[in-house]
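Engineer:
Protein chains: 2
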Amino acid sequence: MKPSPLREQSYLILLALAPEPLYGYGLIAAVRELSDGRVKLGAGTLYGALDRLGADGLVTLDHEEVVDGRFRRYYKLTDQGHRVLTAETERLAELAARARRRLAASRVAPRPAG
Amino acid sequence: MKPSPLREQSYLILLALAPEPLYGYGLIAAVRELSDGRVKLGAGTLYGALDRLGADGLVTLDHEEVVDGRFRRYYKLTDQGHRVLTAETERLAELAARARRRLAASRVAPRPAG
DNA sequence: GCTCTATATGTCGCTCGGCGATATATATGT
DNA sequence: ACATATATATCGCCGAGCGACATATAGAGC
Chain A
37 MKPSPLREQS
47 YLILLALAPE
57 PLYGYGLIAA
67 VRELSDGRVK
77 LGAGTLYGAL
87 DRLGADGLVT
97 LDHEEVVDGR
107 FRRYYKLTDQ
117 GHRVLTAETE
127 RLAELAARAR
137 RRLAASRVAP
147 RPAG
Chain B
37 MKPSPLREQS
47 YLILLALAPE
57 PLYGYGLIAA
67 VRELSDGRVK
77 LGAGTLYGAL
87 DRLGADGLVT
97 LDHEEVVDGR
107 FRRYYKLTDQ
117 GHRVLTAETE
127 RLAELAARAR
137 RRLAASRVAP
147 RPAG
């Protein structure tokens with residue numbers, strides 16, 4: 037109902053799903069790559085997040101298939117999921133820009149009266 | 037000992053402290069402004085985070101003073117805190133840039149074969 | 001004087017998310 | 001037979017976020 041604010045892990049899941057649908061195990065690898073190896077999703081994190089994102093209407097089931105005898109369940113972004121991801125990305129970019137400005141300013145003037 | 041990965045709240049606390057030392061109540065206001073009103077730190081969050089950041093060596097006590105009969109405890113970044121904040125900011129900026137590229141690409145080609 | 005709001009610190013307990021351990025199943029390699 | 005990799009899913013622990021509460025001062029309004 038009330039969409040909880042995105043944690044980094046959930047944001048990365050949405051971002052990973054942006055170009056095309058992915059299945060669970062593939063998502064873990066995609067998120068790891070997107071974050072340069074920093075975020076390694078645990079199984080509990082992944083399926084818990086997927087349930088929540090599904091309940092919030094941001095992610096939905098795409099299709100299921102069997103590859104090499106192994107079952108894969110593919111998920112994709114909903115329209116709302118895409119909108120939320122876009123908005124969150126803009127928010128993130130603005131925060132990063134603001135942070136850089138603030139750091140540059142504090143380097144020159146560590147104190148207000150400096 | 038082992039510095040846990042920064043949540044958004046802790047990151048904003050570090051960022052707020054970058055230009056100059058701040059006291060608890062002022063930090064709550066600063067973080068709210070830095071995040072455009074989106075992140076409103078609860079008291080439990082603030083002092084819990086301050087304890088953790090202190091234990092990790094990122095934040096330390098600056099000084100204490102009484103203003104208008106009210107006690108204020110000021111905190112400031114350590115050198116390590118400044119380094120961590122800078123690194124985290126760069127990571128954030130890179131992620132945001134990567135996310136924008138990924139979104140732009142998926143808008144043109146929703147599917148690999150599109 | 002009493003109450004409410006704002007400022008200021010800090011604690012306590014609840015809830016929820018992250019995550020490793022575990023279970024299940026198939027394919028491959030040694 | 002055993003280990004490794006792929007693949008899904010559940011369980012319970014732990015820790016972070018957070019509201020509620022306690023405490024204290026200052027000022028406004030009645």
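Taken in order, these protein sequences are the chains called A and B.
First residue of the first sequence: 37, per the working numbering; consecutive thereafter.
First residue of the second sequence: 37, per the working numbering; consecutive thereafter.
Note that CB positions come from ideal geometry on N, CA and C, so glycine has one too.
This structure is a prediction, so every number in the text was calculated from the model and none was measured.
#1: Using 8 Å as the limit for Cβ to Cβ distance, is T22 of chain A near chain B?
#2: What residues match up with R106 of chain A in a beta bridge as DSSP calls it?
#3: Apply the 10 Å Cβ neighbour rule to G117 of chain B and answer buried if 16 or more other Cβ atoms are within range, or exposed otherwise.
#4: Give the straight-line distance between the Cα atoms of Y110 of chain A and E44 of chain A, rounded to the nearest whole angstrom.
#5: Does chain A have any CB closer than 8 Å to the CB of L58 of chain B?
#6: Skipping 5 residues on each side, what residues in its chain have a beta carbon closer than 8 Å to that of L89 of chain A?
#7: Any residues in the segment 120-136 of chain B with a beta carbon nearer than 9 Å to a beta carbon of chain A? Which ones, in chain order?
#8: Under the rule that 16 or more other beta-carbon atoms within 10 Å means buried, what is A54 of chain A, buried or exposed?
#9: Tell whether a beta-carbon distance below 8 Å holds between T125 of chain A and A91 of chain B.
#10: Report the three-state DSSP secondary structure of T114 of chain A (helix, strand or coil).
#11: Among all the DSSP beta bridges, which residues are the ones paired with Y47 of chain B?
#12: Is L94 of chain B near the ligand MG, judged by its Cβ being under 7 Å from some heavy atom?
Structural biologist: On the basis of the supplied data:
#1: There is no way to answer for residue 22 of chain A, as the model of chain A reaches only from 37 to 150.
#2: According to DSSP, R106 of chain A shares a beta bridge with A:V103.
#3: With 16 or more other CB atoms across the displayed protein chains lying within 10 angstroms of its CB, G117 of chain B is buried.
#4: Cα to Cα, Y110 of chain A sits roughly 21 Å from E44 of chain A.
#5: Taking 8 Å as the threshold, the shortest C-beta distance from L58 of chain B to chain A does not fall below it.
#6: S46, I49, L50, V95, G117.
#7: Result list: L121, T122, E124, T125, E126, R127, L128, A129, E130, L131, A132, A133, R134, A135, R136.
#8: Burial call: buried.
#9: No. Outside cutoff.
#10: Coil, per DSSP.
#11: Per DSSP, none; premise fails for Y47 of chain B.
#12: As presented, the structure is devoid of all ligands, the ligand MG included, so that no description of it is given.
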